[in-house]
Amino acid sequence: MNKKSIIVIGAGMSGLAAAHELNKAGWNVTVLEARERVGGRVHTVRAFSSGLIAEGGAEYINESQFRMIALAKEFDLRLGNVGTWQNQSGDWAALEGKTGLMEDKALWGTDLSEEYKQVWVALAELGKQVSDPANPIAAINARELDAQNAQSWIESLQVHPLAKTLFANHIRAEYTCEPKNFSLLDLARNGALYYSDPDAADPAFRVIGGNDQIPNAIASRLPDLRLNAVVSSVKVQAEEVVVTYKQADSFHTIRAAYAILAIPLTTARQIDFDGSLPTAHHAMLNGLSYGSVTKVMIEYRRRFWHERGWNGRVNTDLPIIYTWDATSHLEGERGILTAYTGGEPGAALTRLSDTERIQTAVSAIDRIFPGFSDLIENTQTIAWGNEIFTRGSYMAYAPNQVTAHWQALFSPAGRLYFAGEHATIYQGFMEGAVESGQRAARNIIEKGQ
Ligand SMILES: Cc1cc2nc3c(=O)[nH]c(=O)nc-3n(C[C@H](O)[C@H](O)[C@H](O)COP(=O)(O)OP(=O)(O)OC[C@H]3O[C@@H](n4cnc5c(N)ncnc54)[C@H](O)[C@@H]3O)c2cc1C
Numbered sequence: 003m004n005k006k007s008i009i010v011i012g013a014g015m016s017g018l019a020a021a022h023e024l025n026k027a028g029w030n031v032t033v034l035e036a037r038e039r040v041g042g043r044v045h046t047v048r049a050f051s052s053g054l055i056a057e058g059g060a061e062y063i064n065e066s067q068f069r070m071i072a073l074a075k076e077f078d079l080r081l082g083n084v085g086t087w088q089n090q091s092g093d094w095a096a097l098e099g100k101t102g103l104m105e106d107k108a109l110w111g112t113d114l115s116e117e118y119k120q121v122w123v124a125l126a127e128l129g130k131q132v133s134d135p136a137n138p139i140a141a142i143n144a145r146e147l148d149a150q151n152a153q154s155w156i157e158s159l160q161v162h163p164l165a166k167t168l169f170a171n172h173i174r175a176e177y178t179c180e181p182k183n184f185s186l187l188d189l190a191r192n193g194a195l196y197y198s199d200p201d202a203a204d205p206a207f208r209v210i211g212g213n214d215q216i217p218n219a220i221a222s223r224l225p226d227l228r229l230n231a232v233v234s235s236v237k238v239q240a241e242e243v244v245v246t247y248k249q250a251d252s253f254h255t256i257r258a259a260y261a262i263l264a265i266p267l268t269t270a271r272q273i274d275f276d277g278s279l280p281t282a283h284h285a286m287l288n289g290l291s292y293g294s295v296t297k298v299m300i301e302y303r304r305r306f307w308h309e310r311g312w313n314g315r316v317n318t319d320l321p322i323i324y325t326w327d328a329t330s331h332l333e334g335e336r337g338i339l340t341a342y343t344g345g346e347p348g349a350a351l352t353r354l355s356d357t358e359r360i361q362t363a364v365s366a367i368d369r370i371f372p373g374f375s376d377l378i379e380n381t382q383t384i385a386w387g388n389e390i391f392t393r394g395s396y397m398a399y400a401p402n403q404v405t406a407h408w409q410a411l412f413s414p415a416g417r418l419y420f421a422g423e424h425a426t427i428y429q430g431f432m433e434g435a436v437e438s439g440q441r442a443a444r445n446i447i448e449k450g451q
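Structural data, given as structure tokens:
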């Protein structure tokens, strides 16, 4: 057995980041990827007119996400600025049958953006209960917080009822689960990690030409990347890890000193570990919850939304929850609106056929801004729960799951290491996937000395 050999399972951002580090350190790396492409949940859709593209999966890279920014730089990719995620001029709400600018007092009877800001102030306060977001289980009242859910916290807030609706939608979009299914400990942890200053701005970017250029560029550097290779069993032994995968109609078994499992836990549940996982890892792998998310991308011949001071972003109680302009970082007449739907509305759209899902989004946008559907040129959609190598959106800690599984998530099972957006403090982001992969690689390189 080559002591510096490793099998990386999954060629999403986490697996690729790990493989990239190990390859540079001179390790013998084999990457197994089930799909015929790399990138996983980073998936640029190139099915629109005039070379327009939209991100079907991960879209935004924040300025603070230095690992992703560094990868873009390493491969000479340019970033297009899309402003801050939280608050932009031209943000609309469409709630209770009314539609318009968040700050339109005449419409809402109050400045909704100011009302909404009070929730972020409360979130910053909640975050103070988690002094170390990298170790939430050490918070004094960790168990108590973890047993509660975000819904009851939202209900307890002394803010305008519509601000509560807006924040419930924020949870559905950011964590892709219903607030009642989201651990208050993890909301507090996120509050501490990202939202301790309600006035802070963290501008976001998209990679010009498509986010998928980052995974593609890393993949091009890897000497042994096997596509269409679906891992079906992993056996962790004292001296090696034995991995079996199916490619075309044949099964192949390979061995290495270490392995990194860099796939969603939802798909890891399909793998036979032959009883070789410790109990805590087995419970973690099978127990952690995932959210639901869908995207519908609609190309319009004209960016009609600019005509009435709408930037394309709406937070709504219609079935689509959120929209934004997927082309906001580019000049041009044509544009793409993306409807981004998480939580129970996302699960409901996942259950529809592609055609029905697209129709639901088109109708909702037509209710918000009537009369422009005849400008539609192309439509595309992805329901990530229906993708068999994803089976969900990303991990979302349900009540009691942080305290139950945090430790196992951050420790290897013998020679098997865990990476992925779930196995990081920057959970749910490309940045987190990269952090987890780089950390796993570093730990293994140290062990292999
Ligand atoms: C709709 C959507 C929007 C998002 N928006 C953002 C955003 O704006 N910003 C952001 O930073 N993040 C965003 N994310 C999250 C981001 O996409 C993920 O955090 C990140 O890409 C996950 O990388 P990963 O390596 O953990 O997993 P994945 O990307 O899922 O990679 C895992 C890989 O493993 C493969 N695989 C699965 N099963 C097997 C098997 N049995 N054998 C072999 N290979 C297998 C899969 O095909 C896949 O390629 C979004 C995600 C979604 C779904």
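Per the numbering used here, the sequence shown runs over residues 3 to 451.
Even for Gly, the Cβ is constructed at its ideal location relative to N, Cα and C.
Residue i versus residue j - alpha carbon distance
| i | j | result |
| --- | --- | --- |
| Tyr419 | Leu263 | 6 Å |
| Ala219 | Phe77 | 7 Å |
| Leu290 | Arg271 | 11 Å |
| Gln215 | Thr112 | 44 Å |
| Arg208 | Phe68 | 14 Å |
| Ser278 | Glu35 | 22 Å |
| Glu242 | Arg257 | 7 Å |
| Met397 | Leu187 | 15 Å |
| Phe285 | Tyr177 | With the sequence shown as reference, residue 285 is identified as Ala, and Phe is not the correct amino acid for it. Approximately 22 Å, taken between the alpha carbons. |
| Ala170 | Arg353 | 21 Å |
| Gly450 | Pro205 | 39 Å |
| Trp326 | Trp307 | 10 Å |
| Gly193 | Ala175 | 16 Å |
| Pro347 | Ala56 | 22 Å |
| Glu53 | Tyr196 | Position check: residue 53 holds Gly in this sequence, whereas Glu was assumed. If you take the alpha carbons of Gly53 and Tyr196, they lie about 35 Å apart. |
| Ala425 | Phe374 | 43 Å |
| Ser365 | Glu358 | 10 Å |
| Leu103 | Gln90 | 11 Å |
| Tyr399 | Asp148 | 9 Å |
| Thr281 | Ala349 | 30 Å |
| Thr167 | Thr362 | 21 Å |
| Tyr428 | Gly59 | 17 Å |
| Leu351 | Ser158 | 29 Å |
| Leu210 | Val47 | Before going on, a small fix: residue 210 reads as Ile here, not Leu. The straight-line gap from Cα to Cα measures roughly 13 Å. |
Proximal residues to residue i (C-beta, below 6 Å), its chain only, five neighbours per side dropped
| i | result |
| --- | --- |
| Arg227 | Sequence check: residue 227 is Leu here, not Arg. Taken in chain order, the residues that qualify are Val33, Ala221. |
| Ala421 | Ser16, Ala20, Ile262, Ala264, Ser438, Gly439, Ala442 |
| Trp386 | Val295, Thr392, Ser395 |
| Arg37 | Phe391 |
| Trp29 | Lys6, Ile8 |
| Ser66 | Asp204 |
| Glu433 | Gln67, Arg69, Met70 |
Identity of the residue in the options nearest residue i by Cα
| i | options | result |
| --- | --- | --- |
| Asp452 | Pro401, Arg310, Phe207, Val10 | Because the chain here runs from 3 to 451, residue 452 falls outside it and cannot be looked at. |
| Phe431 | Gly12, Ser154, Ser7, Arg43 | Arg43 |
| Asn25 | Gly14, Ser7, Glu38 | Ser7 |
| Gly416 | Tyr399, Tyr260, Thr352 | Tyr260 |
| Arg191 | Asn137, Glu180, Thr343, Thr46 | Asn137 |
| Ala341 | Glu433, Thr383, Ile210 | Thr383 |
| Lys75 | Ile63, Ala56, Thr268 | Ile63 |
| Gln153 | Leu287, Leu147, Arg336, Glu180 | Glu180 |
| Ile273 | Ala250, Tyr292, Thr246 | Thr246 |
| Pro414 | Gly12, Ile322, Leu73, Val238 | Val238 |
| Gly82 | Ala96, Gln88, Glu61 | Glu61 |
| Ile447 | Ile427, Ala27, Ala435 | Ala27 |
| Trp408 | Arg80, His254, His283, Thr269 | His283 |
| Leu189 | Asn213, Pro217, Thr268, Ile156 | Ile156 |
Contact with chain D by residue i, beta-carbon distance below 8 Å
| i | result |
| --- | --- |
| Tyr196 | The chain inventory of the structure shown lacks chain D, comprising one protein chain alone. |
Same chain, Cβ closer than 7 Å to residue i, five either side skipped, listed in chain order
| i | result |
| --- | --- |
| Lys248 | Val232, Ser234 |
| His172 | none |
| Asp134 | Ala140 |
| Thr101 | Trp94, Ile370 |
| Ser51 | Glu301, Arg336, Glu379, Asn380 |
| Ile360 | Val298, Thr381, Thr383 |
Cβ-heavy atom distance, residue i to ligand 3, below 7 Å
| i | result |
| --- | --- |
| Arg69 | In terms of ligand content, the structure shown lacks ligand 3 and carries ligand 1 instead. |
Own chain partners of residue i with C-beta closer than 8 Å, once the 5 adjacent residues on each side are dropped
| i | result |
| --- | --- |
| Leu224 | Leu18, Ala21, His22, Asn25, Val31, Val33 |
| Glu98 | Leu164, Asp319 |
| Gly85 | Pro205, Ala206, Ser330 |
| Leu411 | Met286, Leu290, Phe420, His424, Ala425 |
Touching or not, the region 97-107 and the region 323-343, by the rule of three or more beta carbon pairs under 8 Å? no
Pick out the complete alpha helix (DSSP H) segments inside the region 153-195, 4 residues or longer, and give them in chain order. 163-176
Pair every Cβ in the region 148-164 with every Cβ in the region 368-381, then say whether three or more of these pairs are closer than 8 Å. no
At 3 residues or longer, and completely inside the region 373-417: list those beta strand (DSSP E) runs for me, N to C. 378-385
With a cut-off of 8 Å, do at least 3 Cβ pairs link the region 302-317 to the region 135-150? no
Within the chosen definition, does the region 165-185 reach the region 39-58 through at least 3 CB pairs nearer than 8 Å? no
Give a yes or no on contact between the region 114-129 and the region 194-204, applying the rule of three or more CB pairs nearer than 8 Å. yes
Quick check on the DSSP output: what are the complete alpha helix (DSSP H) runs of length 4 or more inside the region 278-364, in order along the chain? 281-289, 345-353
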